[in-house]
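In the numbering used here, the protein residues as written are 238 to 312. Glycine is no exception: its CB is placed at the ideal position from the N, C-alpha and C atoms. Here the structure is a predicted model, which means the values were calculated and not measured. Written below as structure tokens is the structure these notes are about.
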């Protein structure tokens, strides 16, 4: 099984969901969900699963649950 680890800079509350290029050493991802009660994290996992064509259960948040800098693992 191949594992991919992504280091992200996430911007919640954006106008649309998109991968927006680089932000320093991290991939910048804009998502529409607000950063309230974990909604942004759940939406990020759903968005990445759709982008990579994998089930949601194969995308996990490794680090950064409460901040914009996140590490995500995709299996």
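With DSSP collapsed to three states, give me the class of residue i.
i	result
residue 305	coil
residue 293	helix
residue 266	strand
residue 253	coil
Which one of the options has the shortest CA to CA distance from residue i?
i	options	result
residue 309	276, 238, 264 and 274	264
residue 255	241, 242, 280 and 272	280
residue 250	260, 277 and 241	277
residue 311	282, 302 and 304	282
State buried or exposed for residue i, treating a residue as buried only when at least 16 other CB atoms are found within 10 Å of its CB.
i	result
residue 252	exposed
residue 306	exposed
residue 284	buried
Touching by the beta-carbon criterion (3+ pairs, under 8 Å), the segment 290-300 and the segment 253-271: no
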